[in-house]
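Chains as they are written, first to last, in our numbering: chain W, 148 to 342; chain H, 10 to 442.
Just so you know, even glycine gets a beta-carbon here, dropped at the ideal spot from N, CA and C.
To keep things clear, I will list the structure first and then write my remarks on it.
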């Protein structure tokens, strides 16, 4: 299986002394704790928001929320999972309070004109239609299914790691990943037939 | 063999198939075009999504963003070991005694008591007027145990009486303490017809010197002297004099020993002053008699004669309608008879030796001082300067000590100057610092 290092997702977080210093107000200690989680957290924010700018904002909000809620960070599970849970809760809160740009790819039913990196679509590229349709179908998935697919495709976690990170059994992980892929495939097939 | 399921295709893409399942799936894919096409299509979608999300953020911006967020929110994060807020207790508060009843609520105002309901508890004022309309208070009926009003008042009195009285517990629900049988009877009480009650208290001169309560120490002296009473020093002492024991009423200057007599007052004139005054009275009497004689003669003149009596001198040609002129006219043309009356010496009762001195009080810059109080030490005559700082004083002839009270500042700064009250003396100029 093509997997990336699953350490940030599976390790049990910083040592107790560093966490105690961070909880007592030591900013440097908190930054040292967050340092190995910044990049995967940002990728998770990108997978959640599907836009670079929104991912940046969600990343900063998540870090700030984690700073405030550090005393409630779980001691017995990986800190990245707690950070991602905060990010997902914040994104759900933002979606309820301020709906996203209708043109954003993450918005259901949108045209998907914007790439996640913010660049315009290269119409001369051979797979531009596939990418555009795949992104639109991906945005229409269920939030949990999209997250499972992101963990598999972007973080390249194995099924057991995904199951450990999400608390979902391995069999259910496999079944939901297959269902998500099938959903994307059927959406693309429907679009091709409609076209 | 049937086609591969979506789960098998997905698992094969993820490499999750192991063992015989993986071998069978690979064998089927190598032989089934539909399943292989399906797998390739799903793989294409996965690759498209990976490409779309396969970009790295700006790591430096990411670090700065993380640091900014941590530093911004760390200031508002309460410390983890912070205690929960609790009610602060007053360390100086007296612990409540559960055995004691709760003190009653305060009255809205002590002035709202019912008059006469608690006359015994109230202390009458010492400044009761002494009128001859007072009458003896009729005997009051015996009162029962302390009422609620009395307990209120007793508690309030004890609460306001000071720390010593506050040591006693509140009297709510308890009868008031009765006076001892062998206690000294209180002074008789009298009541006026208008309803006022007074107690025969001794006159202020007969009262004993009040003894300061031991729990109230002497007030500390303050540098500004505020709130501290000082005994008023007599004026002659402040001016540097002391009474002369050899001559009553006279003062002797402390430094030089010069004796200064007080100004003559009625009934205490000197012999020469009495003789001078007698001559004046004699002249006035003679003039009055002469006038009466002149009037009588005029009444005997023929009808129509003019009688004119003028005061102020024979050369005065003031018309007859001016005040001080008595004019009797008739139809006759007889010339009026003028009787000159010398100037009367019965003017203001000023001492012959008293001289008037005018002057001005200015400050160091030459500006007039308004409202300065000048007091002649000998006669205690006082005057105040006007807006232009000018003043006029009368004092016995000679050099007199004058106290000048500076109105500026606190108004209590007095300076002593010596002014010469002599005839023809120039105007005095007093410069206050």
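Neighbour flag for residue i against chain H, beta carbons, 8 Å
{"i": "residue 214(W)", "result": "yes"}
{"i": "residue 253(W)", "result": "Bear in mind that a pLDDT of 45 at residue 253(W), under 50, signals an unreliable position, so the number given afterwards is only what the model happens to contain. Cβ-Cβ to chain H under 8 Å: no for residue 253(W)."}
{"i": "residue 108(W)", "result": "This structure leaves residue 108(W) out entirely; chain W is present only between 148 and 342."}
{"i": "residue 341(W)", "result": "no"}
{"i": "residue 264(W)", "result": "yes"}
{"i": "residue 322(W)", "result": "yes"}
{"i": "residue 207(W)", "result": "yes"}
{"i": "residue 283(W)", "result": "no"}
{"i": "residue 331(W)", "result": "yes"}
{"i": "residue 195(W)", "result": "no"}
{"i": "residue 278(W)", "result": "yes"}
{"i": "residue 274(W)", "result": "yes"}
{"i": "residue 155(W)", "result": "no"}
{"i": "residue 343(W)", "result": "Shown here, chain W extends from 148 to 342; a query on residue 343(W) therefore has no answer."}
{"i": "residue 325(W)", "result": "yes"}
{"i": "residue 288(W)", "result": "no"}
{"i": "residue 235(W)", "result": "no"}
{"i": "residue 298(W)", "result": "no"}
Buried or exposed (CB count within 10 angstroms, at least 16 for buried), residue i
{"i": "residue 15(H)", "result": "buried"}
{"i": "residue 398(H)", "result": "buried"}
{"i": "residue 369(H)", "result": "buried"}
{"i": "residue 439(H)", "result": "buried"}
{"i": "residue 79(H)", "result": "buried"}
{"i": "residue 192(W)", "result": "buried"}
{"i": "residue 162(W)", "result": "exposed"}
{"i": "residue 431(H)", "result": "exposed"}
{"i": "residue 433(H)", "result": "exposed"}
{"i": "residue 154(H)", "result": "Caution applies to residue 154(H), whose pLDDT of 44 falls short of 50 and renders its modelled position unreliable; the value that the coordinates give is listed next. Its Cβ having fewer than 16 others within 10 Å, residue 154(H) is exposed."}
{"i": "residue 417(H)", "result": "exposed"}
{"i": "residue 278(W)", "result": "buried"}
{"i": "residue 302(W)", "result": "buried"}
{"i": "residue 18(H)", "result": "buried"}
{"i": "residue 425(H)", "result": "exposed"}
The ligand ATP heavy atom lying under 7 Å from the CB of residue i
{"i": "residue 190(W)", "result": "As far as ligands go, the structure on display features none, and thus does not contain the ligand ATP."}
Opening and closing residue of the alpha helix (DSSP H) in which residue i lies
{"i": "residue 21(H)", "result": "15-23"}
{"i": "residue 389(H)", "result": "Neither: residue 389(H) is in no alpha helix (DSSP H) and is coded neither H nor E."}
{"i": "residue 441(H)", "result": "It is not in any alpha helix (DSSP H) - residue 441(H) instead sits in the beta strand (DSSP E) that spans 437-441."}
{"i": "residue 303(W)", "result": "Looking at the DSSP string, residue 303(W) is not in any alpha helix (DSSP H), and its letter there is neither H nor E."}
{"i": "residue 29(H)", "result": "28-40"}
{"i": "residue 190(W)", "result": "185-196"}
{"i": "residue 209(W)", "result": "199-215"}
{"i": "residue 224(W)", "result": "First-last for residue 224(W): undefined, no H or E at that position."}
{"i": "residue 426(H)", "result": "That residue, residue 426(H), is in no alpha helix (DSSP H); its beta strand (DSSP E) goes 422-430."}
{"i": "residue 158(W)", "result": "It is not in any alpha helix (DSSP H) - residue 158(W) carries neither H nor E in the DSSP assignment."}
{"i": "residue 261(H)", "result": "Looking at the DSSP string, residue 261(H) is not in any alpha helix (DSSP H); the run it does join, the beta strand (DSSP E), is 260-262."}
{"i": "residue 281(W)", "result": "275-286"}
{"i": "residue 325(W)", "result": "317-341"}
Range covered by the beta strand (DSSP E) that runs through residue i
{"i": "residue 367(H)", "result": "363-372"}
{"i": "residue 400(H)", "result": "399-405"}
{"i": "residue 382(H)", "result": "382-385"}
{"i": "residue 377(H)", "result": "Where residue 377(H) is concerned, there is no enclosing beta strand (DSSP E), given that its DSSP letter is neither H nor E."}
{"i": "residue 64(H)", "result": "That residue, residue 64(H), is in no beta strand (DSSP E); it is neither H nor E in DSSP."}
{"i": "residue 252(H)", "result": "250-252"}
Below-8 Å beta-carbon distance, residue i vs any chain W residue
{"i": "residue 37(H)", "result": "no"}
{"i": "residue 78(H)", "result": "yes"}
{"i": "residue 31(H)", "result": "no"}
{"i": "residue 69(H)", "result": "no"}
{"i": "residue 48(H)", "result": "no"}
{"i": "residue 54(H)", "result": "yes"}
{"i": "residue 74(H)", "result": "yes"}
{"i": "residue 21(H)", "result": "no"}
{"i": "residue 4(H)", "result": "Because residue 4(H) is not part of the residues shown, which for chain H are 10 to 442, the question remains open."}
{"i": "residue 13(H)", "result": "no"}
{"i": "residue 61(H)", "result": "yes"}
{"i": "residue 58(H)", "result": "yes"}
Expected contact under 8 Å - CB spacing of residue i and residue j to nearest Å
{"i": "residue 381(H)", "j": "residue 415(H)", "result": "6 Å"}
{"i": "residue 372(H)", "j": "residue 441(H)", "result": "5 Å"}
{"i": "residue 250(H)", "j": "residue 242(H)", "result": "Not confirmed; about 12 Å, so no contact."}
Open item on the list: Contact between the region 323-334 of chain W and the region 37-54 of chain H is defined here as three or more beta-carbon pairs at a separation below 8 Å; is this criterion met?
Closed with: Short answer: they touch.
Task: Stretch pair the region 379-387 of chain H + the region 398-418 of chain H: three plus CB contacts closer than 8 Å - done: Using a C-beta cut-off of 8 Å, the region 379-387 of chain H makes contact with the region 398-418 of chain H, since at least three inter-stretch Cβ pairs fall below that distance.
TODO: Examine the Cβ distances between the region 289-302 of chain W and the region 203-217 of chain W and report whether three or more of them are shorter than 8 Å.
DONE: The region 289-302 of chain W makes no contact with the region 203-217 of chain W; the number of CB pairs closer than 8 Å stays below 3.
Open item on the list: Check whether the region 55-66 of chain H and the region 262-282 of chain W are in contact - that is, three or more C-beta pairs closer than 8 Å.
Closed with: With three or more CB-CB distances shorter than 8 Å, the region 55-66 of chain H counts as touching the region 262-282 of chain W.
- [ ] Determine contact between the region 229-244 of chain W and the region 177-195 of chain W, defined as no fewer than three beta-carbon pairs at a distance below 8 Å.
- [x] The region 229-244 of chain W, when compared against the region 177-195 of chain W, does touch it at the 8 Å Cβ threshold.
Task: contact_flag[the region 60-76 of chain H, the region 33-43 of chain H] where n(CB pairs < 8 Å) is 3 or more - done: No, because fewer than three Cβ pairs between the region 60-76 of chain H and the region 33-43 of chain H fall closer than 8 Å, the two stretches do not touch.
Task: Contact the region 167-184 of chain W vs the region 219-231 of chain W: 3+ CB pairs below 8 Å - done: Yes: at least three Cβ pairs fall under 8 Å.
Open item on the list: For the structure I just gave you, are there three or more beta carbon pairs, one from the region 167-177 of chain W and one from the region 215-222 of chain W, closer than 8 Å?
Closed with: Contact annotation: the region 167-177 of chain W touches the region 215-222 of chain W, with at least three C-beta pairs closer than 8 Å.
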